[in-house]
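Residue numbers (our numbering), protein chains in the order written: chain A, 848 to 1038; chain B, 848 to 1038.
The block underneath contains the structure these notes are about, expressed in structure tokens.
There are 2 protein chains.
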Amino acid sequence: MGTATRNRILEEAARLFTEKGYEATSVQDLAEALGLSKAALYHHFRSKEEVLYEISLQALEGLLEEGKKASAVPEAREALLRFMEGHARFFEENRPFFVTMLQGLQSLSPEKQAPIIALRDRYEETLRALLRRGMESGVFRQLDVALTARAVLSLLNWMIRWFRPGGPLRAEEVARFYFHLLLRGLENGDS
Amino acid sequence: MGTATRNRILEEAARLFTEKGYEATSVQDLAEALGLSKAALYHHFRSKEEVLYEISLQALEGLLEEGKKASAVPEAREALLRFMEGHARFFEENRPFFVTMLQGLQSLSPEKQAPIIALRDRYEETLRALLRRGMESGVFRQLDVALTARAVLSLLNWMIRWFRPGGPLRAEEVARFYFHLLLRGLENGDS
DNA sequence: GTCTATATGGTGATAGAC
DNA sequence: GTCTATCACCATATAGAC
């Protein structure tokens, strides 16, 4: 359980890391944005890397929670829709944390990367299980599960590169569009 | 027209930027990898940013060339397949340049970002025109063109985050899988 | 829990010799 | 076209007072 100051630091750090990138954000920048001294920051966190690690961890734990809820839905199509909507909603509602988690992975040392990657793998496995279930029950076509899961996550995750809040669509609506595109396909059945 | 040394610098820089990130790669790192002094680098490039800019420019120019070739194919389905294959092939054959271009955009100053973004927009417009053509001719379903184009590029571009050369599949094969998934859809027609 | 001051080393970039 | 030496600055992180 983090103190209030600790959380304030994480929020502001996630905002700055998202905006300028982790490497391009200095501890000085962060301290100034918070109205604190650098030394005060180092009272709450051992290092800048630990701040990144904590943000990534919280983002993935929240996302995993969403994924589990969605995959509990019995019907596979509905479960996939909920999974995709949930992912998009989590992204939009926790954009700084989510983006920092996805963009910052490369900046973590191998020791700190490992637990993050393990969580990410659990999340992806949740999606693969959902797809496998749909294929076995005949709702989905029999396709390469790993590649299909990657397709779903590619669609959703690439939103960090173009989606800006305040646009015409909510992230959840984009996810729904992708879901229908993915399910029914691009090709016109008439021709 | 670049000299041989200039090109050698760009190649090595793209490799390092891809591996560690642009901000985390110092001019010192680059000089050591090339067996040159920092001062020698500054004879060939005005700044580290100019190196990033040159790499991004070359990557996008090559990609745009591929895109034009694909969209010249008359039948829309075939054109889309060629577009996606061409994108994936360009990625795999020019991975350091391609990845640096996609990841480094945020690190460029607004002045240097602008021409890069303009080229990227031209490339994306090529894809949108291709999709529009397919929808008007009745080959594709009538969908939001901008969002459909984003879906295609999301699938392809997210490969920079997971695709590693030497794996079981070539990037082009992944693109073909995505193409068929996108065209026919995930849903089983039997049910 | 926050501060000022500082340690230590690396950063992008340049001067000027060869 | 490359080098050695150096500039001016900023990085992460810490010591010790309050």
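In this text, a Cβ means the ideal position worked out from N, Cα and C, and glycines have one as well.
Problem set entry | For residue 1034(A), the residue or residues it bridges with in DSSP | 987(B)
Exercise. What residues of chain B sit near residue 875(A), judged by a beta carbon separation below 9 Å?
Worked result: In chain order: nothing, as chain B lies at least about 15 Å away.
Exercise. If you run the structure through DSSP and keep just helix, strand and coil, what is residue 850(A)?
Worked result: Per DSSP, reduced to three states, the secondary structure at residue 850(A) is coil, with no helix or strand assignment.
Exercise. Mind checking if residue 968(B) is an interface residue toward chain A, Cβ cutoff 9 Å exclusive?
Worked result: no
For this session: Give the DSSP-derived three-state secondary structure of residue 872(B) in the structure shown.
Result: If DSSP states are grouped into helix, strand and coil, residue 872(B) belongs with coil.
Exercise. Taking DSSP as the reference, what is the three-state secondary structure of residue 1017(B)?
Worked result: Three-state result, residue 1017(B): coil.
Exercise. Are three or more beta carbon pairs between the stretch 925 to 943 of chain A and the stretch 1010 to 1019 of chain A nearer than 8 Å?
Worked result: yes
Exercise. If the cut is a Cβ gap below 9 Å, which residues of chain B does residue 1040(A) touch?
Worked result: In the structure as shown, chain A begins at 848 and stops at 1038. Residue 1040(A) is therefore absent and cannot be evaluated.
For this session: State the Cα-Cα distance for the pair residue 907(A) and residue 955(A), rounded to the nearest angstrom.
Result: 15 Å
Exercise. Is it right to say residue 895(B) is buried, meaning 16 or more other beta carbons lie within 10 angstroms of its own, or is it exposed?
Worked result: buried
Problem set entry | Cutoff 9 Å: residue 948(A) Cβ touching any chain B Cβ | no
Exercise. Can you tell me whether DSSP reads residue 919(B) as helix, strand or coil?
Worked result: Under the three-state reduction of DSSP, residue 919(B) is assigned to coil, being neither helix nor strand.
Exercise. Does residue 918(A) have its Cβ less than 9 Å from a Cβ in chain B?
Worked result: no
For this session: Could you tell me whether the Cβ of residue 955(B) comes closer than 9 Å to any Cβ of chain A?
Result: no
For this session: Could you pull the start and end residues of the alpha helix (DSSP H) that residue 951(A) belongs to?
Result: Secondary structure note for residue 951(A): its alpha helix (DSSP H) is the uninterrupted segment 942 to 951.
Problem set entry | Segment contact flag, the stretch 991 to 1003 of chain A with the stretch 966 to 982 of chain A, C-beta cutoff 8 Å, min 3 pairs | yes
Exercise. Which residues of chain B have a Cβ atom closer than 9 Å to the Cβ of residue 939(A), listed in chain order?
Worked result: Per Cβ cutoff of 9 Å: no residues; residue 939(A) is ~16 Å from chain B at best.
Exercise. In angstroms, rounded to a whole number, what distance separates the CA positions of residue 904(B) and residue 916(A)?
Worked result: 44 Å
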